[in-house]
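Asks: Residue numbering for the sequence shown follows this note's numbering, beginning at 53 and increasing consecutively. Here a beta-carbon is modelled for each residue, glycine too, at the ideal position from N, C-alpha and C.
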Amino acid sequence: MTRTRRVAVTSPQTRLAHAHRRAGGPWRVPRMEATETARAFDAYRRQRRPALITLAVTALLLCGLPVVFRLLPGLDHVRLLGFPLSWLMLGVLPFPVMVLLAVWQLRRAEEIEDDR
Numbered sequence: 053m054t055r056t057r058r059v060a061v062t063s064p065q066t067r068l069a070h071a072h073r074r075a076g077g078p079w080r081v082p083r084m085e086a087t088e089t090a091r092a093f094d095a096y097r098r099q100r101r102p103a104l105i106t107l108a109v110t111a112l113l114l115c116g117l118p119v120v121f122r123l124l125p126g127l128d129h130v131r132l133l134g135f136p137l138s139w140l141m142l143g144v145l146p147f148p149v150m151v152l153l154a155v156w157q158l159r160r161a162e163e164i165e166d167d168r
């Protein structure tokens, strides 16, 4: 019986970290200058608000749909294109909304980084 050799699949960063460890030399985390640290913290602080808005709207959308279904049970009887409206709201509505939120979040984050 032939024995197959096992191969570990790792990311390039993992291989680089192991290579540094094997080399035996000290490896230091690169340090930023004070001005770069301040700019990075400012970018983080400015990007936090749009990220929290995106998170809140997504949570409201996903957690709000069951509430809407509970308050409006008649949505099961309304049909659109042969499907109950509640199914369409649950299976179709969240995805375009989440894509639009992601695009908005990404553009906002890039605008903040470009201001620097």
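(1) For Arg137 and Val130, which I take to be in contact (beta-carbon distance under 8 Å), what is that distance rounded to the nearest angstrom?
(2) If you draw a straight line from the C-alpha of Glu85 to the C-alpha of Phe93, how long is it?
(3) To the nearest angstrom, report how far apart Leu113 and Thr66 are at their CA atoms.
(4) What does DSSP give as the partner residue(s) for Pro136 in the beta ladder?
(5) Taking only three categories from DSSP, how would you classify Val144?
(6) For Gln99, I'd like the list of residues in its chain whose CB is within less than 6 Å of its CB, leaving aside the five on either flank, ordered along the chain.
(7) From Pro102 to Arg55, what does the alpha carbon distance come to, in whole angstroms?
Replies: Straight from the coordinates:
(1) The sequence shown places Leu at residue 137, rather than the Arg named in the question. About 4 Å; that satisfies the 8 Å criterion.
(2) 12 Å
(3) 38 Å
(4) Arg131
(5) coil
(6) Ala161, Ile164
(7) 54 Å
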